[in-house]
Structures are given as C-alpha cells and as structure tokens.
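Before any comments, here is the structure.
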Amino acid sequence: MINDRLIDAGEVQLAVRDFGGDQPPLLLLHGAGGNLAHMTTLARALRPHHRVVTLDLRGHGRSADGSWTWEAALGDLAAVCVQLELERPAVVGHSLGGMLAALWGQRHPESPGIVSLDGNPPPTSPEHLPGLDPEKATAELARLHAVFDAMQAAAGQVIPADQLPDLVERQQMAARDMGANEKVWVEGFRRNLVHQHGDTSIRPSAGLTAQLRTAMNELDLTPVYAATTCPELVVLPTRNLPEQEPFAELYEAHRRFLVAQARAVPHLRHLSLADASHAMVIEQPTALAGVITDFLGSH
1 MINDRLIDAG EVQLAVRDFG GDQPPLLLLH GAGGNLAHMT TLARALRPHH RVVTLDLRGH
61 GRSADGSWTW EAALGDLAAV CVQLELERPA VVGHSLGGML AALWGQRHPE SPGIVSLDGN
121 PPPTSPEHLP GLDPEKATAE LARLHAVFDA MQAAAGQVIP ADQLPDLVER QQMAARDMGA
181 NEKVWVEGFR RNLVHQHGDT SIRPSAGLTA QLRTAMNELD LTPVYAATTC PELVVLPTRN
241 LPEQEPFAEL YEAHRRFLVA QARAVPHLRH LSLADASHAM VIEQPTALAG VITDFLGSH
C-alpha cells in the first residue's frame, strides 16, 4: 500500500511517498525542479524487486524550504532512512538526485549500490568539452550560461491566474509528446505550485535555484567516484533534449567527457543508454528499472 507522510528532518519537514512491501529498500531521488511525482512510473516498475521510497527534496514539491548544501541534503536522506527504518538502502537518483546518490555512496560503503541516472554537474570549463576548439568552447559555455541565467531569473515568479490553465494544458501536451503518463506528469506540475496570499508560483524559488546552481557548478564527481567502495553505476544519455539542440556540439563533447571520466575509475560501471536523453526517466522507465534491478541484483 502506498503511504504519503511527512518526515521531520530537523530544520525541514520532508514529504515522503513509501510504495511499501518487504523487498530490499531503495531510495529514489528526483532532479532539480522536479518532485517525487515525476518518479512514479519508475518507482512502480521497480516495486516488484524493492521497497521503493521517494521524497520531495528540500525546497521542492511538498517539502519545506531550507538552504541547499550537499551535507544538508544528505542529512535529509539519513533522516528518512532512520524514521522509515530503511536499513542499508540502495540509492538511485536522476540528475540532481544522481549527484546526491554518488555522494551517498562515497559516505556509505555498506550500501548495496548507488545508481546515477545522468546525475552530472553541467560543463563549466573548456576541459569539460574535449574535441571542441577551446575558443569555441569558451564562447559556447558563455552562451549556455546566459540561458541558465535567464532560467534562474524566472524561477519562482508569480503566475497570473488566467495563465494557469494554459500551463496545465501545456504540461498535458508535453506528457503526450514524451509518451509519459499524463496524470502523473500533471501531478508533478501541480505538486510544485505554491499558493500564498492569493498568488501562485512554481518551486523551487529563485534563491534555492541559485544555491543549487552554485553547488552543482562547484561539484567534481571524479574524486567522489574514486573514493567510493560500494557498487556504483552511472547511466548516461546518448542524445539531446529538444531544448539542447542549439548546443548540440557542446553536449556531444560533454558526453565524451563523461564517458572518459567514468572509464578513468576502474571499479565504476557505466552505461550509455541507447536512444535516451536527459529525460530518460520519462522516456524509458521500464528499461531503466531492468538496468537498476540487474545491477543491484548482481551485487
């Protein structure tokens, strides 16, 4: 039986969804700007083999606001494990959640395994773009960061009431275009809405978005992977999202960097998933569930 509840993690309360069962525990973490609802289809696909627990990371969904640091977020996960009595959980995360999974694995050698679903910091240096001319790489990074600046400036803005129905309809269309469960996708959109003093805005806030961006830009996962002794798997995309196409050369170069980074750590397993973009959780939940289950089962 699926159970929704709030967990007290000290400075914040966290919204948690427990899919139940008596199989080995697995924490399933969403990406930045998402929430636990976006992981529902993958959670259901994993459920025959695991007791799957999802949560809204701090500042997302129905969880409380709180300053973002990696230590604080890892403390949140630890609080969930203690209060739900999850002993030695596997941790699987997408995007931001994948970075958290990697950091969890470094700190928890007793874990049966961690899986990062394209949980990689964005490129910030020409060194992250092998094969691109350094001058062109610098220019492309500046252009990409300008897009991220605009996204950050728009985060948390109030949505005029007359625009909300159109936004919901756009979410429904997006779900149909990606082959996603429309009901689940709209739940994810609505779960990040904040209604306060007659105004509606979308989480995360501009302040948290800025903190997340700084934290990800400063994160180097190579030493994290090298220092991890529990089993670890990184699943990488093989194609761009539509919105990434204007930066196709940049993202192709960055994928080359990520593969080389994974190969440089002998015990780190990696998989470039065929016909998968950064939205792999939505595109291929059944295939991902099989990859995750096989990996954790082999250890």
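Numbered according to UniProt numbering, the sequence shown terminates at residue 299, and the numbering increases by one at each position without gaps. Using N, Cα and C, we set each Cβ at its ideal position, and we do this for glycine too. Since we're looking at a predicted model, the values are computed, not measured.
Who are the Cβ neighbours of threonine 229 in its own chain at under 6 Å, not counting the five residues just before and after it? Pro109
Check for me: the alpha helix (DSSP H) holding threonine 209 runs from which residue to which? 206 to 217
Using alpha carbons as the reference points, say which of Gly34, Leu129, Val82, Gly179 lies closest to threonine 94. Note that residue 94 corresponds to histidine in the displayed sequence, not to threonine. Checked all of Gly34, Leu129, Val82, Gly179; the closest Cα to histidine 94 is Gly34.
Which whole-angstrom value is the C-beta distance of leucine 36 and arginine 17, which I expect to be below 8 Å? 5 Å
Distance CB(phenylalanine 257)-CB(leucine 144) smaller than 7 Å: no
On the three-pair Cβ rule with 8 Å, is the segment 80 to 94 touching the segment 186 to 199? no
Whole angstroms is fine: what's the gap from glutamate 249's alpha carbon to threonine 238's? 13 Å
Can you tell me which residues form a DSSP beta bridge with glutamine 106? Partner(s): none; glutamine 106 has no beta bridge.
Could you tell me whether the Cβ atoms of leucine 233 and serine 277 are closer together than 7 Å? no
7 Å Cβ cutoff met for leucine 268 and alanine 262: yes
Could you pull the start and end residues of the beta strand (DSSP E) that alanine 15 belongs to? 13 to 18
Give the single residue among Val224, Ala15, Asp162, Leu271 whose Cα lies nearest to the Cα of arginine 191. Ala15
Element boundaries [beta strand (DSSP E), containing glutamine 196]: 193 to 196
Count the other CB atoms, across all protein chains shown, that sit within 10 Å of the CB of threonine 214; report buried if there are 16 or more and exposed otherwise. exposed
Residue burial classification, histidine 195 (beta-carbon count within 10 angstroms, cutoff 16): exposed
Determine the closest residue to leucine 271 out of Gln211, Phe295, Leu167, with distance taken between C-alpha atoms. Phe295
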